[in-house]
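Before any comments, here is the structure.
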Amino acid sequence: MAGIHANNESWHTTSKYQTVLQVCFAGVMNPMADSIKFTLTEDDIPKTWYNIMADLPSPLPPVLHPGTNQPIGPDDLAPLFPIAVIQQEVSQEREIEIPEPVREVYRQWRPSPLYRARRLEQALGTPARIYYKYEGVSPAGSHKPNTAIAQAFYNKQEGVKRITTETGAGQWGSALAIAGAFFGLEIEVFMVRVSFDQKPYRRAFMESFGARCIASPSELTSAGRAILEQRPDSTGSLGIAISEAVEMAAQREDTKYALGSVLNHVLLHQTVIGLEAQRQFELVDDYPDMVIGCTGGGSNFAGVAFPFIGEKLRNGGDMEIIAVEPSACPSLTKGRYAYDFGDTAHLTPLVKMHTLGSTFVPPGFHAGGLRYHGMAPMVSHLTELGQIAPRAYQQIECFAAGLQFARAEGILPAPEANHAVKAAIDEALNCKEQGVSKAILFNLCGHGHFDMQAYSDYLAGKLVDQHYDESELAMALAGLPSVA
Ligand SMILES: Cc1ncc(COP(=O)(O)O)c(C=O)c1O
């Protein structure tokens, strides 16, 4: 401003000074106008999770008992999950309180930052405003601790001593290992064979927190042994690892099972992501036209998107919600919307979801967290209701997008998150082509620091796109249970 007064030009008639004033005025009106990072305080961590069940225009199809095809009750789930979690699974309350001990642990990394990807926007030459919520700041490096901490807390509260689980990329196993260490629980993780081999440091990470990590399929369970008998070189799948973890949990009174995605309560716990983002957008004085997330079982996507979908269901609007999955495991875009088992050995109840069939084993591409045969029933239901637009990408184009993002923003995404990055870049380029400025929000659900072998392979030109076997898919779909 001193420069303006020192100058003899008539300041209010020159466009140069008008511009200076406009910029200063914009700064006074909104000091965040050109910020990169939008942060909240620990006191801003949401006190409740958002339950989209309260706002659904039509109810979610019930979970069925595979023996009777009748809706299951809490007693059917009690051997596997704590009561508090079962209640959340069926709750119709819009807001569910986050227990204070869970918020206390959340404080370690929450609220996570919302970034404006200004350097990426510049690199793309797009008029779009690109924002990303960064969940890689958690101790495990992804969104997974949001539910691991909550699930460990409820298990501990109900006297459970040991939790068994599955993990794909290792992010969920790592999150539960940390949660187990915090709450004094034994953790046993069945890790999908292909990821176990691709990511040895994930296993070391889990073991550092006192967890036990076993490659799946294993000789420890009858589900694992049955698979190994048919296919000794099986790469495994999340469906198989779930079977093994469920079987182990059912064997001991003091043991329960925890799932890292798919179920309503897991999606519920992840809504802290979108709830925080909504507050951060108030700081920015902007609002997304589009929300994007990658989908394996659907939890990080639901976490970022459900609070915005809820807002839209209650108040209207034309926000686009995009779910991005791998072309090699395309449950939402190519699967059937039908009742199916959540696991390969058929130990779980039947849920209505987009599925490739519970015996489908996807090829061994690098986004291990997205190799699940089904999709969260809630995400499937909302897709059927036209609230979610799904799309699929191959891995090479996702790694290319991930590196483009990394070179602009300095964060190397997890291979799973690259799917969301790719969609965000594509949408930003669409904006450029059409000359429109949309606000795009995506969830950068994890960093890729344990995925360097995948990046090395990509940089060496060794990565290939993987295609699922059409006949295997047809066979898996033919094996869907018949439910009237
Ligand atoms: C970084 C990351 N993103 C996404 C996923 C997929 O899971 P979900 O769809 O439940 O978010 C995983 C699963 O392991 C993951 O590790």
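First residue of the sequence shown: 17, per the working numbering; consecutive thereafter. By construction, the Cβ of each residue, glycine as well, lies at the ideal position given by its N, Cα and C atoms.
{"Check": "Gln-187 burial status per 10 Å Cβ neighbour count (16 or more: buried)", "Outcome": "buried"}
{"Check": "Residues near Lys-63 in its chain [Cβ-Cβ closer than 8 Å; skip 5 each side]", "Outcome": "Glu-113, Ile-114, Arg-119"}
{"Check": "Where Ala-274 sits in the DSSP three-state scheme", "Outcome": "coil"}
{"Check": "Through-space distance from Thr-57 to Ile-404, alpha-carbon basis", "Outcome": "31 Å"}
{"Check": "Contact belief for Gln-469 with Gln-214 at Cβ below 8 Å, rounded distance in angstroms", "Outcome": "6 Å"}
{"Check": "Ser-128 - DSSP class collapsed to helix/strand/coil", "Outcome": "coil"}
{"Check": "Segment limits, alpha helix (DSSP H) that includes Glu-391", "Outcome": "The sequence given here places Met at residue 391; Glu does not occur at that position. It is not in any alpha helix (DSSP H) - Met-391 carries neither H nor E in the DSSP assignment."}
{"Check": "Sufficient close CB pairs (3 or more, under 8 Å) joining the segment 365 to 372 to the segment 283 to 292", "Outcome": "no"}
{"Check": "Member of Asn-459, Ser-453, Pro-78 whose CA lies at the smallest distance from the CA of Leu-279", "Outcome": "Pro-78"}
{"Check": "Neighbourhood of Tyr-471 by C-beta distance below 6 Å, restricted to the same chain and skipping five residues each side", "Outcome": "none"}
{"Check": "Uninterrupted alpha helix (DSSP H) stretches inside the segment 244 to 299 (no shorter than 4 residues)", "Outcome": "254 to 267, 280 to 286"}
{"Check": "Lys-368: first and last residue of the uninterrupted beta strand (DSSP E) it sits in", "Outcome": "366 to 371"}
{"Check": "Top-ranked residue by Cα proximity to Phe-458, from Lys-478, Tyr-474, Val-437", "Outcome": "Val-437"}
{"Check": "Simplified DSSP assignment, three categories, for Tyr-170", "Outcome": "helix"}
{"Check": "Proximity to Ile-308 [Cα-Cα], best of Gly-276, Tyr-217, Ala-354, Asn-434", "Outcome": "Asn-434"}
{"Check": "Rounded distance between the beta-carbons of Asp-467 and Ala-430, thought under 8 Å", "Outcome": "6 Å"}
{"Check": "DSSP-derived helix/strand/coil call for Ser-158", "Outcome": "strand"}
{"Check": "At least three beta-carbon pairs within less than 8 Å, the segment 473 to 485 to the segment 167 to 174", "Outcome": "no"}
{"Check": "Element boundaries [alpha helix (DSSP H), containing Ile-412]", "Outcome": "411 to 425"}
{"Check": "Chain-order list of residues whose beta-carbon lies under 7 Å from that of Phe-381 (same chain, five-residue window excluded)", "Outcome": "Pro-342, Ala-344, Gln-411, Gln-482"}
{"Check": "Proximity test, Ala-433 beta-carbon vs ligand 1 heavy atom, cut-off 7 Å", "Outcome": "yes"}
{"Check": "Buried or exposed by the 16-neighbour rule on C-beta atoms within 10 Å, applied to Lys-53", "Outcome": "exposed"}
{"Check": "Sufficient close CB pairs (3 or more, under 8 Å) joining the segment 87 to 98 to the segment 323 to 335", "Outcome": "no"}
{"Check": "Inter-stretch contact (C-beta, 8 Å, three-pair minimum) for the segment 229 to 243 and the segment 252 to 260", "Outcome": "yes"}
{"Check": "Thr-57 (DSSP reduced to helix, strand or coil)", "Outcome": "coil"}
{"Check": "Asn-171 CB to nearest heavy atom of ligand 1 below 7 Å", "Outcome": "no"}
{"Check": "Cα-Cα separation between Glu-105 and Ala-408, rounded to whole angstroms", "Outcome": "28 Å"}
{"Check": "Identity of the residues DSSP links to Gly-462 by a beta bridge", "Outcome": "Ser-158"}
{"Check": "Span of the alpha helix (DSSP H), counted from its first residue to its last, around Glu-120", "Outcome": "116 to 122"}
{"Check": "Given Thr-271 as reference, the closest of Thr-181, Met-394, Gln-296 once Cα atoms are compared", "Outcome": "Thr-181"}
{"Check": "Asp-71 vs Arg-110 beta-carbon contact at 8 Å", "Outcome": "yes"}
{"Check": "Cα-Cα separation between Gln-220 and Lys-454, rounded to whole angstroms", "Outcome": "In the sequence as displayed, the identity of residue 220 is Ala instead of Gln. Their Cα atoms are separated by approximately 43 Å."}
{"Check": "Reference Arg-209; option with closest CA among Gly-196, Pro-90, Ile-230", "Outcome": "Ile-230"}
{"Check": "Inside the segment 312 to 349 only - alpha helix (DSSP H) runs reaching at least 4 residues", "Outcome": "315 to 331"}
{"Check": "Length-filtered (4 minimum) alpha helix (DSSP H) runs lying within the segment 176 to 211", "Outcome": "187 to 199"}
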